[in-house]
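Chemist: Before I ask anything, let me first share the structure, which is written out below as structure tokens.
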Amino acid sequence: AAGATAVFAAGGVRDEDDLMRLEKAGIAGALVASALHDGRIDRAVLERMARLPEG
């Protein structure tokens, strides 16, 4: 919507469950570098999340 502000989670994302909760809360995106680097989230999870319908 015009004038809407996109909100991104910046830290504290531990796993796929956290990503799902953020998606359900309407968060536009999340920084997941640490979780990706140490293996708590893998590429397959991110690809699956990218295919979820918005909203």
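Per the numbering used here: the sequence shown = residues 648 to 702.
Cβ coordinates follow ideal geometry from the N, Cα and C atoms, glycine included.
Please report the straight-line C-alpha distance between Asp665 and Ala651, rounded to a whole angstrom.
Modeler: Their backbone Cα atoms lie some 23 angstroms apart in a straight line.
Chemist: Does the Cβ-Cβ distance between Phe655 and Leu678 come in under 8 angstroms?
Modeler: For Phe655 and Leu678, yes; Cβs fall inside 8 angstroms.
Chemist: Indicate the three-state DSSP secondary structure (helix, strand or coil) for Ala677 in the structure shown.
Modeler: In this structure, Ala677 counts as strand in the three-state DSSP scheme.
Chemist: Suppose the cutoff is 8 angstroms on Cβ atoms and the five residues either side in sequence are ignored; what does the same chain contact list for Val692 look like?
Modeler: Closer than 8 angstroms at Cβ, skipping near neighbours: Glu663, Leu666.
Chemist: Which residues does DSSP pair with Ala657 in a beta bridge?
Modeler: Note: Ala657 sits in a beta bridge opposite Leu678.
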